[in-house]
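K.L.:
Residue numbers (this note's numbering), protein chains in the order written: chain A, 151 to 829; chain B, 142 to 459.
The beta-carbon is built from N, C-alpha and C at its ideal position, and this holds for glycine as well.
Just so you know, these numbers come straight off a predicted model, no measurement behind them.
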Amino acid sequence: MEALSETKSRQADATEPLLEVADLHVHFESSRGIVRAVEDVSFQVKPGEIVAIVGESGSGKSVTALAIMRLLPRLTGRTRGRVRFDGKSLLDLSDEQMREIRGRDISMIFQEPMTSLNPLLTIGLQITEPLTIHLGMSDAQATARAIELLQLVGITDAEGRLDQYPHQFSGGMRQRVMIAIGLACNPKLIIADEPTTALDVTIQAQILELMKDLSRKLNIALIIITHNLGVVARYADRVFVMYAARLVEQGPADAVFHRPRHPYSMGLLRSVPRLDRPRGNKLETIEGLVPNLANAPPGCRFAPRCPFRIDICAQEPPLARTDTGTLSRCHRHAEIADSKIAWASGGAGVLKLDVERKRPLLSVSALTKHFPVRTKIGNKRALVRAVEDVSFSIYPGETLGLVGESGCGKTTVGRLILRLEQPTSGEIAFEGTNLLTATPAEMKTIRRKIQVIFQDPYSSLNPRMTVSQIIGEPLHVYKLVADSKAATGRVTQLLDQVGLRPELAERYPHQLSGGQRQRVGIARALAMEPSFIVCDEAVSALDVSIQSQIINLLEDLQQRLGLAYLFIAHDLAVVRHISMRVVVMYFGRIMEVADRDAIYREPLHPYTKVLLDAAPVPDPTVEKARAPRLIQGELPSHLAPPPGCVFNTRCPMASQECREIVPPLVEKRPGHYAACIKV
Amino acid sequence: MLRYTVNRVLLMIPTLLGVAVLVFFLLRIVPGDVVEIKLRGDGGNVSQETIEMERKRLGLDKPFVSQFGDWMIGMAKLDLGKSMWTERPVVEEIAVRLELSLQVALMATLIAVLLAVPMGTMAALFRDTWIDYVVRIVTIGGLSIPSFWFGMLIMLTLLAFFNWLPPITFTPIYVDPIANLTQLIWPAMAVGYRYCAVVARMIRSSLLEVLNEDYIRTARAKGVYEKLVISRHALRNALLPAITVIGLEFTFLIGGLVVTEQVFNLNGIGQLFVQSISRNDFTLIQGMVMLIAAFYVFVNLLIDLLYAVFDPRIRYDT
Numbered sequence: 151m152e153a154l155s156e157t158k159s160r161q162a163d164a165t166e167p168l169l170e171v172a173d174l175h176v177h178f179e180s181s182r183g184i185v186r187a188v189e190d191v192s193f194q195v196k197p198g199e200i201v202a203i204v205g206e207s208g209s210g211k212s213v214t215a216l217a218i219m220r221l222l223p224r225l226t227g228r229t230r231g232r233v234r235f236d237g238k239s240l241l242d243l244s245d246e247q248m249r250e251i252r253g254r255d256i257s258m259i260f261q262e263p264m265t266s267l268n269p270l271l272t273i274g275l276q277i278t279e280p281l282t283i284h285l286g287m288s289d290a291q292a293t294a295r296a297i298e299l300l301q302l303v304g305i306t307d308a309e310g311r312l313d314q315y316p317h318q319f320s321g322g323m324r325q326r327v328m329i330a331i332g333l334a335c336n337p338k339l340i341i342a343d344e345p346t347t348a349l350d351v352t353i354q355a356q357i358l359e360l361m362k363d364l365s366r367k368l369n370i371a372l373i374i375i376t377h378n379l380g381v382v383a384r385y386a387d388r389v390f391v392m393y394a395a396r397l398v399e400q401g402p403a404d405a406v407f408h409r410p411r412h413p414y415s416m417g418l419l420r421s422v423p424r425l426d427r428p429r430g431n432k433l434e435t436i437e438g439l440v441p442n443l444a445n446a447p448p449g450c451r452f453a454p455r456c457p458f459r460i461d462i463c464a465q466e467p468p469l470a471r472t473d474t475g476t477l478s479r480c481h482r483h484a485e486i487a488d489s490k491i492a493w494a495s496g497g498a499g500v501l502k503l504d505v506e507r508k509r510p511l512l513s514v515s516a517l518t519k520h521f522p523v524r525t526k527i528g529n530k531r532a533l534v535r536a537v538e539d540v541s542f543s544i545y546p547g548e549t550l551g552l553v554g555e556s557g558c559g560k561t562t563v564g565r566l567i568l569r570l571e572q573p574t575s576g577e578i579a580f581e582g583t584n585l586l587t588a589t590p591a592e593m594k595t596i597r598r599k600i601q602v603i604f605q606d607p608y609s610s611l612n613p614r615m616t617v618s619q620i621i622g623e624p625l626h627v628y629k630l631v632a633d634s635k636a637a638t639g640r641v642t643q644l645l646d647q648v649g650l651r652p653e654l655a656e657r658y659p660h661q662l663s664g665g666q667r668q669r670v671g672i673a674r675a676l677a678m679e680p681s682f683i684v685c686d687e688a689v690s691a692l693d694v695s696i697q698s699q700i701i702n703l704l705e706d707l708q709q710r711l712g713l714a715y716l717f718i719a720h721d722l723a724v725v726r727h728i729s730m731r732v733v734v735m736y737f738g739r740i741m742e743v744a745d746r747d748a749i750y751r752e753p754l755h756p757y758t759k760v761l762l763d764a765a766p767v768p769d770p771t772v773e774k775a776r777a778p779r780l781i782q783g784e785l786p787s788h789l790a791p792p793p794g795c796v797f798n799t800r801c802p803m804a805s806q807e808c809r810e811i812v813p814p815l816v817e818k819r820p821g822h823y824a825a826c827i828k829v
Numbered sequence: 142m143l144r145y146t147v148n149r150v151l152l153m154i155p156t157l158l159g160v161a162v163l164v165f166f167l168l169r170i171v172p173g174d175v176v177e178i179k180l181r182g183d184g185g186n187v188s189q190e191t192i193e194m195e196r197k198r199l200g201l202d203k204p205f206v207s208q209f210g211d212w213m214i215g216m217a218k219l220d221l222g223k224s225m226w227t228e229r230p231v232v233e234e235i236a237v238r239l240e241l242s243l244q245v246a247l248m249a250t251l252i253a254v255l256l257a258v259p260m261g262t263m264a265a266l267f268r269d270t271w272i273d274y275v276v277r278i279v280t281i282g283g284l285s286i287p288s289f290w291f292g293m294l295i296m297l298t299l300l301a302f303f304n305w306l307p308p309i310t311f312t313p314i315y316v317d318p319i320a321n322l323t324q325l326i327w328p329a330m331a332v333g334y335r336y337c338a339v340v341a342r343m344i345r346s347s348l349l350e351v352l353n354e355d356y357i358r359t360a361r362a363k364g365v366y367e368k369l370v371i372s373r374h375a376l377r378n379a380l381l382p383a384i385t386v387i388g389l390e391f392t393f394l395i396g397g398l399v400v401t402e403q404v405f406n407l408n409g410i411g412q413l414f415v416q417s418i419s420r421n422d423f424t425l426i427q428g429m430v431m432l433i434a435a436f437y438v439f440v441n442l443l444i445d446l447l448y449a450v451f452d453p454r455i456r457y458d459t
């Protein structure tokens with residue numbers, strides 16, 4: 151193995167690098183002082199190679215890309231170092247020379263397909279623009295090439311779509327258009343900055359497979375910037391791991407994933423929930439927070455969070471070659487190689503997974519929600535069937551995972567249970583009381599027992615209230631405490647329960663990190679002493695290392711307080727980790743319900759299979775061995791739902807029958823339900 | 142789009158009806174009487190009977206509801222009635238002044254837009270440089286200096302340096318364009334300054350916002366010429382919000398130039414408005430309020446339709 155990677159790297163060394171970044175530094179002047187966003191970053195990319203830059207938010211990965219493209223804001227950004235691309239030193243070129251390279255030799259694909267295309271210009275113009283500018287094509291030539299490009303990225307009826315505007319395309323289709331623009335002039339290098347983060351997992355797989363195929367076919371080097379380790383494992387030849395503005399480890403994907411030689415890469419890989427590993431233990435975590443780059447600690451940036459910290463770590467470690475051929479910025483990489491030091495197992499032990507299923511805490515039956523929408527002025531109203539005939543039960547102390555892609559109705563189910571929306575029909579019973587017919591007095595007691603944790607810790611806390619006011623408010627409203635002194639005591643206790651220091655009580659939300667804010671959200675929910683919490687994408691906005699801390703906290707609280715959770719999420723691995731039973735939804739309907747292990751080990755419904763297939767796992771060996779099995783097509787329009795089984799338009803097994811019969815949810819095996827006539 | 146337009150035009154009827162009811166009854170609640178002012182205003186000793194007779198002649202003795210009905214029936218026939226003071230048809234009284242006011246408003250808009258677009262754009266592109274500072278100072282001036290005072294400065298300058306004042310009699314542009322323009326260019330400049338300041342600031346801030354959008358970064362990443370990034374990608378998006386401001390300012394100019402018209406000695410809508418209010422000339426006031434209300438509604442519709450033309454995301458019928 152070692153010898154193999156050695157020869158591989160020697161072979162690669164023989165070719166001249168296409169891109170060579172050396173000692174790259176980027177500083178931003180801000181009101182808080184100078185933010186060193188990228189420091190001393192050096193790496194090379196060879197022609198036709200696929201590399202990935204991984205890191206959490208604020209690690210400097212996107213800034214590195216923008217610095218290479220010289221697209222950083224002129225007034226505040228300062229770039230220093232050397233960037234050689236194809237024999238040219240990019241940082242020394244004039245603006246005009248740099249413009250000629252952008253879009254022609256290096257193109258870039260951005261994260262947000264919704265906002266990255268100009269809403270007022272046609273797709274056709276936006277694709278032909280680089281062609282006429284860089285290659286001097288005539289309008290007719292450029293249009294012909296644009297049609298060819300759209301076909302290349304898998305957009306049907308390319309000619310007809312040239313005159314359309316971005317809002318007429320779905321998110322996945324827009325990202326395809328972005329790729330078409332990127333490919334327009336046959337570039338030598340494409341930089342893709344989180345190209346699929348905003349997309350659903352099935353669409354993500356389509357887009358990444360497309361990019362990989364095109365890169366191989368056209369010999370284009372690809373830099374994928376991402377925080378998703380599964381994506382890296384599946385697509386990258388080499389990996390650059392960034393942490394707090396520095397490159398901490400780089401090398402072949404196999405080596406970095408299987409034998410990481412930097413404590414941060416080790417910790418990161420251990421803290422991701424995995425689809426391919428049995429679960430039963432708590433997640434490993436990296437304690438602490440990412441340092442503030444305006445005032446970074448001297449020496450090793452990771453030292454404050456590193457379990458292997460010793461005296462020498464106060465000095466900046468060099469990027470040294472390790473036994474596996476990777477480069478690691480750790481003083482102790484040799485000791486890691488000799489297995490002298492390793493991350494201690496989280497110490498949290500095994501989780502209790504089974505619950506007694508006697509009387510359900512909450513049961514939902516035949517829940518349906520239709521939203522009327524006006525399509526035309528004066529026209530009759532159309533219906534969006536957001537939730538259709540959904541039934542499930544949650545027992546005390548249980549976690550029910552609710553997974554599905556965007557638009558599947560999972561969030562609406564949560565909102566219906568919280569009674570933020572009124573269901574069209576169906577029943578929701580909590581501890582035997584029907585929520586829809588409950589009196590206001592009954593509702594008041596029930597509201598206390600059902601709480602919610604929202605996705606976005608940035609916008610779900612009132613910015614003008616301190617932490618103690620946010621947590622204390624429900625205490626006063628529901629008169630759960632005698633006086634304000636008791637309230638302060640309770641707030642301190644709650645903060646302690648979610649692992650926050652009492653001093654934070656007087657801070658405002660903007661003074662907290664994302665993880666801390668989410669903890670405040672949890673403390674606020676706990677203040678009501680609930681027995682049931684709806685977690686709506688509660689960890690989706692958080693970085694991997696913080697996400698695992700919050701998941702562990704939720705599990706801890708469940709064990710201590712006997713809480714039940716409805717855990718709504720799109721991340722299959724996270725749901726697998728936290729849930730005991732899992733409900734899979736698609737297009738407003740339940741596709742499959744089963745115990746967690748059953749659903750992940752032996753999924754019955756074709757949609758569940760497709761979903762599990764599309765999600766890459768952070769293991770290059772597994773991923774490279776796996777043949778791409780792709781789900782075609784996109785979510786159908788909510789205004790024109792397909793007849794019969796809602797999944798029939800994308801299902802690999804669909805037949806004529808599926809277009810006629812709406813499959814009922816049937817118990818195919820004990821406790822394992824699926825809505826499919828083919829299984 | 143056609144159906145939407147027809148719908149909106151039909152919706153104008155209830156809106157204007159509401160305005161009509163409001164202005165009609167409010168006028169009659171307020172104390173004061175046109176006949177009193179007309180006959181006794183100069184201190185003339187007129188008998189009560191004469192007054193009553195005059196009131197009867199003008200129809201003011203009828204119940205409010207039937208007066209309102211008469212007015213509505215007239216309006217349906219596009220007849221706004223006669224001025225209670227001059228006895229000339231309201232339409233005629235307004236038409237003479239509207240020509241002038243409309244021309245001043247249009248010229249002011251033209252001046253404002255022609256200056257504001259480059260000013261706002263330059264200020265945004267060269268943010269925090271001397272260009273931006275100059276534009277910001279000039280526009281703050283435009284917002285804070287009253288138009289009539291700026292108008293007076295213009296007049297005094299003309300007088301002091303050229304010993305010349307613009308003509309005071311209105312010549313329609315189709316009769317003698319030069320005489321017309323030498324009279325109206327000055328008030329148009331005076332009000333255009335403020336107008337231009339409002340629009341320029343709007344364009345500056347919306348362009349700054351647009352320049353931070355992801356699609357601008359995309360355009361630069363494609364290697365689009367910087368000039369094209371601004372003109373094709375940024376400016377179009379930035380001008381959208383300016384359309385609203387331009388339209389609303391324009392409608393204001395139709396009836397709102399009371400003092401400026403005085404300074405330049407113009408016989409415009411603003412002057413007529415003040416005059417008719419001080420005379421309690423009900424029919425004329427009503428006619429003018431209806432005219433200005435109709436302008437507002439119409440210009441608003443025009444703004445909405447322009448949005449649909451410039452922004453493909455807005456489609457009113459599909």
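Can you give me the start and stop residues for the alpha helix (DSSP H) that K197(B) sits inside?
P.N.:
That run of the alpha helix (DSSP H) goes Q189 to L199.
K.L.:
Do you know how far the Cα of E555(A) is from the Cα of A434(B)?
P.N.:
Roughly 50 Å between the two C-alpha positions.
K.L.:
At a cut of 8 Å, does the region 352-362 of chain B reach the region 257-271 of chain A through at least three beta carbon pairs?
P.N.:
Enough Cβ pairs lie closer than 8 Å, so yes.
K.L.:
Alpha carbon to alpha carbon, how far is H412(A) from R479(A)?
P.N.:
Their Cα atoms are separated by approximately 7 Å.
K.L.:
Who are the near neighbours of L284(B) in its chain, counting only those whose CB is closer than 8 Å to its CB and skipping five residues on each side?
P.N.:
So the qualifying residues of the chain are R335, A338, V339 and R342.
K.L.:
Which class does A257(B) belong to by DSSP, given the choice of helix, strand or coil?
P.N.:
A257(B) falls in the helix class under three-state DSSP.
K.L.:
Tell me which same chain residues have a C-beta within less than 6 Å of the C-beta of K362(A), skipping the five on either side of it?
P.N.:
Excluding positions up to five away in sequence, the list reads Y385.
K.L.:
Leaving aside the five residues before and after V176(B) along the sequence, list all residues of the same chain whose C-beta is less than 6 Å from its C-beta, in chain order.
P.N.:
Taken in chain order, the residues that qualify are I192, E195 and R196.
K.L.:
At 8 Å on the CB atoms, spell out the chain B contacts of I305(A), in chain order.
P.N.:
Per Cβ cutoff of 8 Å: no residues; I305(A) is ~18 Å from chain B at best.
K.L.:
Using only CA atoms, which one of R396(A), E434(A) and D343(A) lies nearest to L372(A)?
P.N.:
That would be D343(A), whose Cα lies nearest to the Cα of L372(A).
K.L.:
Once DSSP output is grouped into helix, strand and coil, what is the label at Y736(A)?
P.N.:
Of the three classes helix, strand and coil, the one that applies to Y736(A) here is strand, per DSSP.
K.L.:
Grab the span of the beta strand (DSSP E) containing K362(A) for me, first residue to last.
P.N.:
Segment V351 to L368 is the alpha helix (DSSP H) holding K362(A); no beta strand (DSSP E) there.
K.L.:
On the DSSP bridge list, what partners appear for P402(A)?
P.N.:
Paired residues: R388(A).
K.L.:
Give a yes or no on whether the C-beta atoms belonging to G200(B) and Q208(B) are separated by under 8 Å.
P.N.:
Cβ atoms of G200(B) and Q208(B): closer than 8 Å.
K.L.:
Helix, strand or coil for C463(A) per DSSP?
P.N.:
Correct three-state label for C463(A): helix.
K.L.:
Alpha carbons only, please: which of L442(B), F166(B), V147(B) and A161(B) is nearest the one belonging to V430(B)?
P.N.:
Selected option, being the one with the closest Cα: A161(B).
K.L.:
Provide the residue span of the alpha helix (DSSP H) that contains V404(B), from first to last.
P.N.:
Looking at the DSSP string, the run of the alpha helix (DSSP H) that includes V404(B) is V399 to V404.
K.L.:
Check whether the Cβ of E250(A) lies closer than 8 Å to any Cβ atom in chain B.
P.N.:
By this cut-off, E250(A) is an interface position.
K.L.:
What residue range does the alpha helix (DSSP H) around G332(A) cover?
P.N.:
Element bounds for G332(A): G321 to L333.
K.L.:
For N336(A) and R295(A), I'd like the C-alpha separation in whole angstroms.
P.N.:
For N336(A) and R295(A), the distance between alpha carbons rounds to 11 Å.
K.L.:
Return the first residue and the last residue of the beta strand (DSSP E) that A516(A) is part of.
P.N.:
Here the beta strand (DSSP E) through A516(A) covers L512 to V523.
K.L.:
What does the alpha-carbon distance come out to for the pair I527(A) and Y145(B)?
P.N.:
With a pLDDT of 46 at I527(A), under the threshold of 50, the predicted position of this residue should be treated as unreliable, though the coordinate-derived value follows. I527(A) and Y145(B): Cα-Cα distance of roughly 8 Å.
K.L.:
When we look at the beta-carbon of D173(A) and count the other beta-carbons within 10 Å, is it buried (16 or more) or exposed?
P.N.:
Flag for D173(A) reads exposed.
K.L.:
In three-state DSSP terms, what is T583(A)?
P.N.:
Correct three-state label for T583(A): strand.
K.L.:
What are the start and end residues of the beta strand (DSSP E) that includes I314(B)?
P.N.:
Here I314(B) belongs to no beta strand (DSSP E), and DSSP marks it neither H nor E.
K.L.:
So what's N431(A) in DSSP terms, helix, strand or just coil?
P.N.:
Looking at N431(A) - three-state DSSP - the assignment turns out to be strand.
K.L.:
Using the C-alpha atoms, what's the distance from L585(A) back to F165(B)?
P.N.:
F165(B) and L585(A): Cα-Cα distance of roughly 53 Å.
K.L.:
What separation, rounded to the nearest whole angstrom, lies between the Cα atoms of W327(B) and P287(B)?
P.N.:
Cα to Cα, the separation comes out at about 15 Å.
K.L.:
From the DSSP output, read off the bridge partner residues of R731(A).
P.N.:
L550(A) and D745(A).
K.L.:
Under the three-state reduction of DSSP, which class applies to Y356(B): helix, strand or coil?
P.N.:
Helix, per DSSP.
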